[in-house]
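**Q** One structure, as structure tokens, below. Some questions next.
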């Protein structure tokens, strides 16, 4: 199945979707952030077909989001690069939205904490230059130097 | 075409993807955040097929992300609800990642600013309870009370 690529759109959101917008990709990245590295572990965790998993992993390696390394025991490992780690705010933002708007009746699922002191991080939000959290209506677009699509 | 739904996964990220994970949906939401409200304006901005646009908008209305209203001139308008506005950190995080990792050679595209003073917002990141921005490696998982899939 071929999708229309969003790559031609001169928009940073479309560019990002071109890399991570395919079904399963964000769940693969979620598992990578939680420490999964082996093909068989992704497969078992996600219940995903081998060919789809292989295709998604190959794409993430090609984009420099995952690094494919050979483990000393011979199997391949997939490890987040710095570029991949930079996707953390995307995943945290989605997770916090799901926590708030599609809550688990049994309570919060994963919580994310500051490694230094174990305190939960703040809910993801825009932050002003002086550090104030900004509600959605407090943010606006500040000019569009090169922001046209197509 | 039927996709496997992620709804059964007891994971906030999967729950969010179940709402916004379809192709085009985030670009529709981008346009909604930039002020687009009419079907014909989404269609023109995105170059998307009518039936796909109609299906994605209907889903977002059913999920309470967009509110469908009748304009005084008779046409329908699609407006972000508070639940929809809460997706702003997801879109900003994706946009900032695209700005950094797939930059426009001619410079930054859209910039997002604090409405109060016009200053650009900070790059999206996790933020500690005391307000410090946290790099990806400074964040970890703090317990999984109900975090199992399936």
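Residue numbers (our numbering), protein chains in the order written: chain P, 1 to 150; chain D, 1001 to 1150. All C-beta atoms in this analysis are idealised placements derived from N, C-alpha and C, irrespective of residue type, glycine included.
1. Quick check on this structure: which residue in D:1093, D:1098, D:1050, D:1051 has the alpha carbon closest to the alpha carbon of residue 9 (chain P)?
2. Would you say residue 1069 (chain D) faces chain P, with C-beta separation under 7 Å as the test?
3. Indicate the three-state DSSP secondary structure (helix, strand or coil) for residue 1148 (chain D) in the structure shown.
4. So for residue 1136 (chain D), helix, strand or coil by DSSP?
5. Should the stretch 126-133 of chain P be regarded as contacting the stretch 75-82 of chain P, the criterion being three or more beta carbon pairs within less than 8 Å?
6. Closer than 8 Å by C-beta to residue 134 (chain P): which residues in its own chain qualify, once you throw out the five before and the five after it? Chain order, please.
7. Measuring CB to CB, does residue 43 (chain P) end up less than 7 Å from residue 53 (chain P)?
8. If you measure beta-carbon to beta-carbon, which residues of the stretch 47-58 of chain P are closer than 8 Å to chain D?
9. Check residue 27 (chain P) in the structure and name its three-state DSSP category.
10. Span of the beta strand (DSSP E) holding residue 72 (chain P)?
11. Classify residue 89 (chain P) as buried or exposed, calling it buried when 16 or more other Cβ atoms lie within 10 Å of its own Cβ.
12. State the start and end residues of the unbroken beta strand (DSSP E) segment that holds residue 112 (chain P).
13. Indicate whether at least one CB of chain P lies closer than 7 Å to the CB of residue 1092 (chain D).
14. Indicate whether the contact test is met: 3 or more Cβ pairs, each with one atom in the stretch 20-34 of chain P and one in the stretch 1030-1046 of chain D, closer than 8 Å.
15. Quick check on the burial criterion: 16 or more other C-beta atoms within 10 angstroms. Buried or exposed for residue 1146 (chain D)?
16. Would you say residue 17 (chain P) reaches chain D, if we count a Cβ-Cβ gap shorter than 7 Å as a contact?
**A** Let's see:
1. What you label residue 9 (chain P) is simply residue 9 of the first chain in a count that begins at 1. Of the listed residues, the one whose Cα sits closest to residue 9 (chain P) is D:1098.
2. Taking the second chain and counting its residues from 1, one reaches residue 1069 (chain D) at position 69. Cβ-Cβ to chain P under 7 Å: no for residue 1069 (chain D).
3. Translated into the one-based positions of the second chain, residue 1148 (chain D) becomes position 148. At residue 1148 (chain D), the pLDDT of 41 sits below 50, so the modelled position is not reliable and the matter cannot be decided from this model.
4. Reading the second chain from its first residue, position 136 is the one you call residue 1136 (chain D). Of the three classes helix, strand and coil, the one that applies to residue 1136 (chain D) here is helix, per DSSP.
5. no
6. In the first chain, the residue the question calls residue 134 (chain P) occupies position 134. Only 125, 126, 127, 128 meet the Cβ criterion.
7. Mapped onto the first chain, residue 43 (chain P) falls at position 43. Mapped onto the first chain, residue 53 (chain P) falls at position 53. For residue 43 (chain P) and residue 53 (chain P), yes; Cβs fall inside 7 Å.
8. 47
9. In the first chain, counting from the first residue as 1, residue 27 (chain P) sits at position 27. Note: residue 27 (chain P) maps to helix in three-state DSSP.
10. Counting from one through the first chain, the residue named residue 72 (chain P) turns up at place 72. Element bounds for residue 72 (chain P): n/a, residue is neither H nor E.
11. Taking the first residue of the first chain as 1, we reach residue 89 (chain P) at position 89. Result: buried.
12. The sequence position of residue 112 (chain P) within the first chain is 112, counting from 1. 112-114 is the span of the beta strand (DSSP E), which, as asked, contains residue 112 (chain P).
13. In the second chain, counting from the first residue as 1, residue 1092 (chain D) sits at position 92. Closer than 7 Å to some Cβ of chain P, the Cβ of residue 1092 (chain D) qualifies, so yes.
14. no
15. Residue mapping note: residue 1146 (chain D) aligns to position 146 of the second chain, counting from 1. Only weak support is given to the placement of residue 1146 (chain D): the predicted model assigns it a pLDDT of 41, under 50, and the value that follows is read from those uncertain coordinates. Exposed.
16. For the purposes of this step, residue 17 (chain P) is identified with residue 17 of the first chain, where counting begins at 1. By this cut-off, residue 17 (chain P) is an interface position.
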